[in-house]
Every structure is written in C-alpha cells, then in structure tokens.
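Per my numbering, the very first residue in the sequence shown carries number 89; after that it's consecutive. Here a beta-carbon is modelled for each residue, glycine too, at the ideal position from N, C-alpha and C. Quick caveat, the model's predicted, so the values are computed rather than measured. Report on one structure; see the data block that follows.
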Amino acid sequence: MPKRKDAQQPQPRRTEPARPASARPPPAQPSVPHKPSYWRLGFIFLRIAVCAGALYVLYQKLHGPAPVTDEAEDPERVTFEPIERDEHRRQAILDAFKASLPRVHSYEAYERDAFGFDDYHPISHKGSNMSPAGPVGYFVIDSLDSLLLTGLKDEYQRARDWVAELSFDLDDKFHTFEITIRVLGGLLSAYHLSGETDQMLLDKAVDLADRLLPAFETESGIPMSFVNLAKRTGILDHDNRGLTSVAEAGTLQLEFKYLSQLTGNPIYWQKVEKVMEVIRAQPHKDGLVPIFMRSDTGDFVFSDIRLGSRGDSYYEYLYKQFVQTNGTEPVYRDMHVQAMDGIKRHLLKRSATRDLVYTSELLPRRNPVTGGFEMADTPKQDHLVCFLGASLLLGATDSNRLPVPPDESLFTDAQLDDWYAGKALIKTCVDTYTSSKTGLAPEIVNFYTSPAEARRHHREWFINSRKLTYPDPPIDARNILRPETAESLFVAYRVTGDPIYRTWGWTIFQAFEKHCRLPEGGYASVRDVDQVPVEHEDRMETFWISETLKYLFLLYSEKEVIPLQDYTLNTEAHPLPCFQPTVAV
C-alpha cells in the first residue's frame, strides 16, 4: 500500500518531476553594486532590453509554432471527466479503418489491393511479402483483433478464413522478435477476443511458437535474432556481429507465457523466463542495460544505453509481466521500479528554453585525453521512446487500479515522480508533432542544449541530419504512422480522466488525416514532416491498423473496452488477458 503523507505536516504539491542535475540553474552569484555614475547608462540598457524582449515575444506569436498547452499543470483549471464514449471522434477513427463507398481507407484499401500480402503499398496499389517463400501473415494477422474491436465482422471472417489456409512451413529466415509480437501476439489476441472457442487460431499459434523455439537453442538461452520456420533452426544476426538486442530478447515474454497458460505446456514459459534470469544476472547501471547481448554467453556488450530502437520494449515489458500474471511475479515490479529510477537519474533532461522533459541516450565514446571509453550523454530521442509515458503512468497507478483521477496525497515519493515524469514526457512527445510544419512527429529528434539556438529556430528540437548535405530528405525526418504517442495518450486518459489527452489525440489524428490519407484509399508515410506539401512513401505499415488507429479508437471509447486492470497490451498493441498462473514451470 502506498504510504500516506503525514496529515499534520503536508508536503508541498509536486507539479513536475525533479529537475535533472544537469539542468539545474547555477547558484546565484552575489550582486555587485553599481557606481552611481553608471545608473543612467544601466537604465538605458534596461529599456532597450525590455523593448527587444517585447519585439521577440511578438515575433514568436506571429512566426513561431504554437506551444503545447497542458491544462493539467494548473489543477484548478482541470475538469476531470468519466471515461465515456466520444461518439463523434470514435466514429471518425472508425471511418479511417473503413470508409463508406466510394471512399475506401486503411484496411478496406489493403483488402482491395493486397489482401494476404505482408506489406501494403497504397500508392502503387500493390502488396509484397517479406520472403519469396510466401506470406507469413504479417498484415492480416496483425489486423485481426482490430477488426474484432471495431466490429468489422465480415472483414474479420474473410481474414480468419485466410489464416486457416496459411502455412508457416516457409523455408526462409524470419525475425524472431517481429514474428512473435505481430503474428503470435495477433493470433493469441484474436483467439481470446473471439471467445477462446476458435481452436484453429490456437493451433496456428502453437505451430508458430514451436517453429520459433529453436531460436532459443543457444548456450545461454538468449535467443538468436532469426529463425528458419521450415527448417526450425535459429540464425544469428550477422549484420550485428551475431549479437542479440535486449529488446529482441526481453520482448517475447507476454506472448509465450500466455501460450503456456492456454495450453498447459510449460516449455514456452520456461524459454522466455530463462532469458529474464540471464538478464537479471548481468551487471547494470541502476536498472539500465546496454542494447546488445551475446547469445552464446548471455553477457552484455559495451554498447549504447537508450530507450529507442533495440532497447525500448525491454523496459516496456518489465511492468507488463508483473501485471499479466496478477502480481504473482513481484521481481518484475522491482525491475521496473529500478529501471524507472535509473531513467530518472541518468536519462531525463529538460529542453533549453521551455523545460520540456525528454530522454537522452548514453553512447560509448573514446576519451581524447585518456584514450579509454566512456559513456557520453546525447540529447537524442526516438519517437519509439514515447511509449515511456504510458509505462510510468501504469506503474504509478497499479495499472489503472486506482480511482480516476487518483488521490496524489496517497502516492509515495517514487509514485509522484513517475506520475509527473510520465505526464511531462507525453507533453514533449506531443510537442514533436505540433511543432513541425505538418503537425506530424519525425522519427528522431535532437534537443538543443543552447537556449540561443532554440530561440533562433523557434522550437526545442531539430532533425540532426539536416546539418549535413543529403540529396533526399533525411531518414530522421520521416513519419511512418508510428503508434507510441497515441499509446501514451490512451493510457494517460484512462488513468487521469483529463480531457487534454483526448484533445491532443484529436490534433494528431487530424494531422494524419490531412497529410497521410490518400484520396484513392489507404494512408502513406511522409518523407519529411517539415515539408509542405508532403511527399509520400509508398507504404502503409501494419502497425497503422494494429496499433495507431487501435489506440486512437480506444482513446475515444468507454472504459469497459479493454480495461487496463484486466489486460496487458503487447508491444504491438495486441490485448492479452491478465491471468492467475496455473501452469507448472
């Protein structure tokens, strides 16, 4: 139980996470009295400064991006509301799934142009597969639970019948992590949401999982990055020197544990639990771990510490493992708490002029003086990091098991830190949308550390590769319809009841509608979020259906739709039910 603060000595209200040490203001310097002969000159300079400041503020209002407002920063202005359906906005999201003829969008466009293919190219109206061996169900299976949740019964039946004829006996290598979160997770979620009566879906999940098990056949138990589904052999990632990322190893647990619970077969649980045992045995930096591991020894490799690619979902799954098994594995709550403390201590920073909270990365760098290696702080944040706000808020509220809004006076100091840090990070992620010219967030932002630079460019962040000469827009500038900010907005609204999160979600959705929606059907990625009119890339990612639109649909749905206290959503947004473990492992 969270400790109650002493009623006789109330603590001051905490309105923001503790300022990182590196962002703290310098100690005040003793003032030096001016000589009387300088008073008049000082007064003139003061008037000039005031006038310049006023002109700058006026310029910002006319030319600078509108800052993200946060009504929650002033508790007297917030009107919390019950989590009920917003019919108008919910219907708009449904229209993005499937619009009435002659308009055709998202899933219906995919079904028209590329049904059964793994990838969809909405501009050329074509599909493609990940392998010449045939489709693995990437798009169809990833979409199954979204079709169920949105009530697209006919579309679901056609997809389900296609899956029944699908074979995973494909002689090619497939990514262990991606196949698990998208295909295995999609099958298990659809099995549950369809009433746990469609044995075909469970049989397909078992067949796929059995083909994935050889990836774990290493000396340490850390899985190899790839597996040949037909030959049932694991394959190392030679592009990364045979290493496995911590996200690849630590983001298989929800799916495999639930499969063991459904089948009574402990092998799936044992394989992924062994991975976590190996990770726990390794040294770490206050819960923070390098992004690469050796699959033969299980040792971490001296490499980046970051919450973006190759690290992100490892941290996401810590608390979710604790929630999934109804709190019967407290070790994962402890690991989550330790990791969040490490993030707040080492990675949380504030932007140069507006105090936006973001996460930095620790990158290995050679010290030019000593010649040795050290970890250098880099103010870079991937869009992928925007899951973190949701993780912090879920941990602070016991996965939405507290009243909405929760009574902050009952929070421990750690809960309060997570509560305000989570909300502050979400605000920053929204700013990466609203401060771009399209209202869409780029793949990666770097934050200015110089206030002068931030003021000169009228925003807190920049797209790093713009400083170089590229014939095409830099990869960092893309928006590929990612879901992480929508995920955090959904969770934040569910645990706070603050309508600002629905407002921000609607703003982001309208930017998708304006710049990504294609007139002939489908949505496409944008090559440069600061270029208007936009230039599209010919791809609609599967997570647009399985995650981004699903999270927005849930954001405007009533609280009874996928209640967070009863479900864990895997990192591909596939809802899996919480359960009391019955399988012996």
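Item, Value
"Under 7 Å between C-beta atoms of Leu275 and Leu289", "yes"
"Supposed contact pair Glu623 and Ala661 - C-beta distance, whole angstroms, cut 8 Å", "That belief does not hold up - the Cβ atoms of Ala661 and Glu623 are roughly 28 Å apart, past 8 Å."
"Gln412 versus Pro456 - alpha carbon distance", "47 Å"
"Burial state of Thr458 (16 or more Cβ within 10 Å)", "exposed"
"Contact belief for Asp626 with Ile211 at Cβ below 8 Å, rounded distance in angstroms", "4 Å"
"Pick from Leu300, Phe304, Ile310 that is closest to Asn316, judged by C-alpha positions", "Leu300"
"Extent of the continuous beta strand (DSSP E) to which Met381 belongs", "380-382"
"Assumed close pair Ser613, Ile568 - CB separation to whole angstroms, cut-off 8 Å", "4 Å"
"Pair within 7 Å by beta-carbon distance, Gly460 and Ile514", "no"
"Counted within 10 angstroms of its Cβ, other Cβ atoms place Val224 as buried (16 or more) or exposed", "buried"
"Close Cβ partners of Tyr403 (< 7 Å) along its chain, the five nearest in sequence each way excluded", "Leu395, Ala427, Ser479"
"Backbone CA spacing between Asp34 and Asp400 [nearest angstrom]", "No answer is possible for residue 34: it lies beyond the span of the chain, which begins at 89 and ends at 673."
"For Phe304, the residue or residues it bridges with in DSSP", "Paired residues: none, contrary to the question."
"Start and end residues, beta strand (DSSP E) containing Thr321", "321-323"
"Spatial neighbours of Ala303 in its chain, beta-carbon cut-off 7 Å, leaving aside the 5 residues before and after", "Thr264, Pro311, Met312, Val315, Gly322"
"Segments assigned beta strand (DSSP E), at least 3 residues, entirely inside the region 464-522", "468-470"
"Runs of beta strand (DSSP E) lying entirely within the region 239-271, each at least 3 residues, in chain order", "261-263"
"Burial state of His471 (16 or more Cβ within 10 Å)", "buried"
"Ser308 CB to nearest heavy atom of the ligand ZN below 6 Å", "The ligand ZN is absent from the structure shown, which contains no ligands of any kind."
"N-terminal and C-terminal residue of the beta strand (DSSP E) that Gln449 is part of", "Strictly speaking, residue 449 in this sequence is Glu, with Gln absent from that position. Residues 449-454."
"Simplified DSSP assignment, three categories, for Ala116", "Any reading at Ala116 needs caution, since the residue's pLDDT is 35, under 50, leaving its predicted position unreliable; the model's value is listed next. In the structure shown, Ala116 sits in coil (DSSP, three-state: anything other than H, G, I, E or B)."
"Contacts around Ala464, its chain only, beta-carbon distance under 6 Å, and the 5 residues preceding and following it disregarded", "Leu451, Arg453"
"Ser538, DSSP secondary structure in three states", "coil"
"Classification of Val366 by the beta-carbon crowding that lies within 10 angstroms, buried from 16 upward", "buried"
"Cβ-Cβ distance between Asn534 and Pro621 below 7 Å", "no"
"Asp506 and Gly483 closer than 7 Å at C-beta", "yes"
"Integer-rounded CB distance, given that Asp201 should sit under 8 Å from His734", "Residue 734 cannot be examined here, being either before or after the span of the chain that is shown, 89 to 673."
"Inter-residue Cα distance where the pair is Leu637 and Leu664", "18 Å"
"Close Cβ partners of Ser538 (< 8 Å) along its chain, the five nearest in sequence each way excluded", "Ala440"
"Environment of Thr584 [buried if 16+ CB atoms lie within 10 Å]", "buried"
"Cβ contact check for the region 579-594 and the region 483-497: 3 or more pairs under 8 Å", "yes"
"The beta strand (DSSP E) enclosing Arg438, as first and last residue numbers", "436-438"
"DSSP three-state assignment for Phe227, whether helix, strand or coil", "helix"
"For Val636, the residue or residues it bridges with in DSSP", "Correcting the residue identity first, residue 636 is Thr in this sequence and not Val. Partner(s): none; Thr636 has no beta bridge."
"Residue burial classification, Gly610 (beta-carbon count within 10 angstroms, cutoff 16)", "buried"
"Distance, Glu541 Cα to Ser277 Cα", "47 Å"
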